[in-house]
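Numbering (this note's numbering), first residue to last: 13 to 249.
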């Protein structure tokens with residue numbers, strides 16, 4: 013039996029779910045390798061040959077005999093390769109990439125820092141109220157930008173696209189970031205639309221479900237596990 017073109021290396025994080033959402037939505041066969049952070053597999057020399065930044069996700073496109081890293085670049089590559097979820101119209105295409113980069117440059121980093129300082133740094137003895145407020149407030153502002161954008165459209169750029177796939181795992185994890193979405197009715201309606209997509213919900217269980225991210229499980233026990241998993245990162249910083 014031949015191998016699928018796409019070999020995905022990923023983990024159960026907001027960035028890690030992005031290519032899984034695409035592959036499941038597009039019904040593209042793929043091989044999956046779970047990258048275990050507890051074992052520092054993302055820093056292994058063999059993995060660093062694929063992704064010199066030592067992060068996830070990464071794909072190998074066997075048909076092109078090359079690796080692609082960075083979640084936004086992976087989504088763009090997959091959209092081009094399979095002709096899905098990225099418009100041919102130049103204006104819509106440009107807008108989709110703008111909102112993809114908005115997620116990569118703003119939504120992910122800001123919510124990520126809000127999560128880090130509250131869910132990893134603080135439980136490991138580095139409680140930084142100023143930093144927490146800074147990132148929580150900026151995350152809320154960015155979610156308000158999304159809410160405004162969604163006032164007159166069902167998805168970020170007309171049809172469901174890679175911009176939605178990239179943004180959803182991060183924005184939907186507002187609970188984990190302790191960011192309020194009160195009053196953001198358009199954003200919450202967008203959550204509902206994407207929540208209702210069966211392949212998205214399947215993707216959020218691959219390679220491992222983390223229901224605490226989405227406010228669907230008790231945070232307490234998971235908080236201890238998550239903080240312990242990344243304790244070494246706090247000690248290095």
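Yeah, the Cβ is synthetic: ideal placement off N, Cα and C, and Gly gets one too.
Query: Residue from 22, 27, 156 and 21 with nearest C-alpha to residue 225; Result: 27
Query: Contact under 8 Å by Cβ, residue 96 with residue 38; Result: yes
Query: Residue from 124, 213, 41 and 46 whose Cα sits closest to the Cα of residue 149; Result: 124
Query: Helix, strand or coil at residue 21 [DSSP, three-state]; Result: strand
Query: Inside the segment 59 to 147 only - alpha helix (DSSP H) runs reaching at least 4 residues; Result: 83 to 94, 102 to 114 and 120 to 127
Query: Per-residue burial, residue 145 [other beta carbons within 10 Å of its own, 16 or more giving buried]; Result: exposed
Query: Complete alpha helix (DSSP H) runs within the segment 150 to 223 (minimum length 4 residues, chain order); Result: 174 to 183, 197 to 207 and 210 to 215
Query: Buried or exposed by the 16-neighbour rule on C-beta atoms within 10 Å, applied to residue 89; Result: buried
Query: Where residue 46 falls: helix, strand or coil (DSSP); Result: strand
Query: For residue 53 and residue 181, the rounded distance between their alpha carbons; Result: 23 Å
Query: Run of the alpha helix (DSSP H) containing residue 30, from where it starts to where it stops; Result: 26 to 37
Query: Rounded straight-line distance, which links the Cα of residue 29 to that of residue 173; Result: 15 Å
Query: Where the alpha helix (DSSP H) through residue 232 begins and ends; Result: 231 to 241
Query: Integer-rounded CB distance, given that residue 188 should sit under 8 Å from residue 122; Result: Incorrect: roughly 13 Å between the Cβ atoms, too far for contact.
Query: CB of residue 212 within 8 Å of CB of residue 206, strictly; Result: yes
Query: Cβ-Cβ distance between residue 49 and residue 241 below 8 Å; Result: yes
Query: Supposed close pair residue 32, residue 18 - CB separation, criterion 8 Å; Result: The pair is not a contact, with the Cβ atoms about 11 Å apart (cut-off 8 Å).
Query: 7 Å CB neighbourhood of residue 36 in its chain, flanking five on each side removed; Result: 211, 214 and 215
Query: Reference residue 176; option with closest CA among 233, 112, 222 and 231; Result: 112
Query: CB of residue 24 within 8 Å of CB of residue 236, strictly; Result: no
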